[in-house]
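Enquirer: So the sequence shown is numbered by this note's numbering: it starts at 1 and just counts up by one.
Handing you a structure now.
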Amino acid sequence: MRATHEIRLHTAVGRRALVYLRDHSQARSEVALARFDLEVLQGEIEDAAGNYAAAHAHYTAALALAGPDADHHKLAKLHEVLGILEARHAHLSAAVEHLEAAGRHYAATGNLVCSVGVTNTNLSYAYLLVRRYAEAAPPAQTALAFFSELNHPYWLALNEANLAEAYFYLGALDQAEGYAQQGLRREEAAARPYCLYVMGLIRRAQGRFREAERFGEEAIAAGEELQDPWALGPAWRALGESYHAAGREEDAQRALAEALRIYRQLGVESEVALIERLAASW
């Protein structure tokens with residue numbers, strides 16, 4: 001793992017500076033760099049485990065260790081992971097603040113792909129997670145236009161998935177389906193479960209319940225292949241809603257129970273509460 005290699009490298013260089021060179025300043029500098037990498041790694045571990053508070057504490061500690069004059073690329077990546085973390089736990093203002101900071105740091109390095117394309121993709125995702133669909137569409141359109149110039153299928157597919165979801169909830173089903181189908185045609189595994197999930201939403205809204213169920217089941221299979229809980233949570237919830245619409249109540253409750261398990265594991269209390277209310281209303 002790259003992070004552990006860098007931690008060991010900084011530790012070894014610091015020890016060499018202390019023991020052989022008697023350079024206390026360099027030794028301290030290497031220790032600070034090792035501590036930074038360790039805090040980021042610990043943050044990533046807790047983030048993956050769904051421990052928001054611990055992940056936030058480690059990422060914030062890394063930010064403090066880096067200081068305002070640190071390498072722009074390092075600061076950009078750190079603000080980016082903090083922004084995604086905050087977005088996934090419905091802290092929109094903090095998410096936007098971190099993601100915009102990431103964009104500024106990427107711009108300072110001359111990295112337009114990340115400062116324009118990736119940052120706008122992430123901003124769109126942040127707005128989608130808190131169901132601010134009208135605000136999710138413009139940054140996704142900006143990112144889509146940018147990546148169209150580069151003909152970058154991975155990022156194009158992710159933004160098409162974002163736009164498909166935004167337009168579905170804005171009531172523009174034809175546009176939503178167009179983006180979802182285009183995303184699927186790109187055959188990018190990372191975007192596939194999200195596009196299939198939206199296709200299931202569209203078919204349910206059209207009253208085509210068998211197709212809605214099929215798309216939902218395919219979205220879950222694609223999410224399981226990626227081991228992506230952030231795709232699986234909404235896919236299971238949507239499949240439960242499709243089953244409920246078709247009168248399959250036992251299947252609907254089982255699907256919601258699986259969505260509930262995933263969001264509890266991720267520690268996303270807002271989604272847990274939403275699913276509990278939904279299950280109680282049926």
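We put the CB at the ideal spot given by N, CA and C, even for glycine.
Thinking residue 164 and residue 143 are a contact (beta carbons under 8 Å), I'd like their distance in whole angstroms, please.
Expert: Not confirmed; about 14 Å, so no contact.
Enquirer: Could you round the C-beta distance between residue 62 and residue 43 to whole angstroms and report it? I think they count as a contact, below 8 Å.
Expert: About 7 Å; that satisfies the 8 Å criterion.
Enquirer: Alpha carbon to alpha carbon, how far is residue 124 from residue 250? Give it in angstroms, no decimals.
Expert: So the two alpha carbons sit approximately 35 Å from each other.
Enquirer: Which class does residue 344 belong to by DSSP, given the choice of helix, strand or coil?
Expert: Residue 344 lies beyond the stretch modelled for the chain, which goes from 1 to 282, so this question has no answer here.
Enquirer: Please name the residue, chosen from 104, 106, 57, that lies closest to residue 82 on a Cα-to-Cα basis.
Expert: Answer by Cα proximity: 57.
Enquirer: Anyone know if the C-beta pair for residue 268 and residue 233 falls short of 9 Å?
Expert: Yes, they are a contact pair.
Enquirer: Pick out whichever of 217, 237, 245, 207 has its Cα sitting closest to the Cα of residue 262.
Expert: Here the closest residue by C-alpha is 237.
Enquirer: Let me know if residue 150 comes out buried or exposed under the rule of 16 or more other beta-carbons within 10 Å of its beta-carbon.
Expert: Looking at its Cβ environment, which holds fewer than 16 other Cβ atoms inside 10 Å, residue 150 is exposed.
Enquirer: Going by CA-CA distance only, name the one from 265, 274, 280, 279 that's closest to residue 50.
Expert: For the residues 265, 274, 280, 279, the minimum Cα distance to residue 50 belongs to 265.
Enquirer: By Cβ distance, which residues of its chain are closer than 7 Å to residue 281, with the 5 residues on each side in sequence left out?
Expert: Cβ within range, chain order: n/a, list empty.
Enquirer: Would you mind stating whether residue 88 and residue 41 have Cβ atoms separated by less than 9 Å?
Expert: The answer is no: Cβ separation not under 9 Å.
Enquirer: Quick one, which of 201, 220, 71 has its alpha-carbon nearest residue 171's?
Expert: The residue with the shortest Cα to Cα distance from residue 171 is 201.
Enquirer: What's the call for residue 277, buried or exposed, on a 16-neighbour Cβ count within 10 Å?
Expert: Burial call: exposed.
Enquirer: Would you check if the region 71–79 and the region 100–110 touch, i.e. whether three or more CB-CB distances between them fall below 8 Å?
Expert: Yes, the region 100–110 is in contact with the region 71–79.
Enquirer: Along the chain, where does the alpha helix (DSSP H) that runs through residue 91 open and close?
Expert: Neither: residue 91 is in no alpha helix (DSSP H) and is coded neither H nor E.
Enquirer: According to the Cβ coordinates, are residue 119 and residue 102 closer than 9 Å?
Expert: Cβ atoms of residue 119 and residue 102: closer than 9 Å.
Enquirer: Please work out which residues of its chain come closer than 6 Å, Cβ to Cβ, to residue 114, disregarding the five sequence neighbours upstream and downstream, and give them in chain order.
Expert: Closer than 6 Å at the Cβ level, and outside the excluded window around residue 114, lie 106.
Enquirer: Where are the beta strand (DSSP E) runs, 3 residues long or more, that stay fully inside the region 185–269, in chain order?
Expert: The region 185–269 contains no whole beta strand (DSSP E) run of 3 or more residues.
Enquirer: Under 9 Å between the Cβ atoms of residue 246 and residue 214?
Expert: In this structure, residue 214 does not lie closer than 9 Å to residue 246 by Cβ.
Enquirer: Could you tell me whether the Cβ atoms of residue 312 and residue 176 are closer together than 9 Å?
Expert: No answer is possible for residue 312: it lies beyond the span of the chain, which begins at 1 and ends at 282.
Enquirer: If you count every other CB in all the chains shown that lies within 10 Å of the CB of residue 48, and 16 or more means buried, which is it?
Expert: Under this definition residue 48 is an exposed residue.
Enquirer: Could you check the C-alpha separation between residue 112 and residue 79 for me, to the nearest Å?
Expert: So the two alpha carbons sit approximately 16 Å from each other.
Enquirer: Give me, in chain order, the residues of the same chain whose beta-carbon lies closer than 6 Å to that of residue 147; leave out the 5 immediate sequence neighbours on both sides.
Expert: So the list reads 117, 155, 156, once near-sequence residues are dropped.
Enquirer: Got a sec? Which residues, its chain only, sit under 7 Å from residue 186 by beta carbon, not counting five neighbours each side?
Expert: Excluding positions up to five away in sequence, the list reads 153, 156, 157.
Enquirer: Using the Cα positions of residue 272 and residue 178, report the straight-line distance between them to the nearest angstrom.
Expert: Between residue 272 and residue 178, the C-alpha separation is close to 31 Å.
Enquirer: For the candidate residues 227, 206, 162, 36, whose alpha-carbon lies nearest to that of residue 242?
Expert: Nearest C-alpha to residue 242: 206.
Enquirer: According to the neighbour-count rule (16 or more other Cβ atoms, all chains shown, within 10 Å of its Cβ), is residue 21 buried or exposed?
Expert: Confidence at residue 21 is low in this model, with a pLDDT of 46, below 50, so the placement of that residue is unreliable and no value is reported for it.
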